[in-house]
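Residue numbers (our numbering): 2 to 82. Cβ atoms here follow ideal geometry from the backbone N, Cα and C, with glycine treated the same way. In this text the structure is predicted, and so the values were computed from the model without any measurement.
Right, dumping it as structure tokens:
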């Protein structure tokens, strides 16, 4: 069960960081604060060093995957009909 919480927190943090890096408006800072808040909640909930390290590693991994997906989506230029 703890592994699922780790994945959920990492996934949420990665999505928020991806939104922060792709949006070019002032609203992007809300996503940055959201990722910081999620990280603080995770660090408060899980105090083991191994879980904290894995949270950072998995979040960065998911961030790169989601950024790649967004970049490919923007490059193809898919538009709604």
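Backbone CA spacing between residue 87 and residue 21 [nearest angstrom]
For the chain, the structure presents residues 2 to 82; residue 87 sits outside this window and is missing.
Review point. For residue 56, which three-state DSSP category applies?
Key: helix
request  = Out of 63, 13, 40, 62, point me to the one whose CA is closest to residue 53's CA.
outcome  = 40
Q | residue 28, DSSP secondary structure in three states | A | coil
Notebook entry, point to check: For the alpha helix (DSSP H) that contains residue 21, what are its first and last residues?
Noted result: 3-23
| query | DSSP state of residue 47, grouped into three classes? | reply | coil
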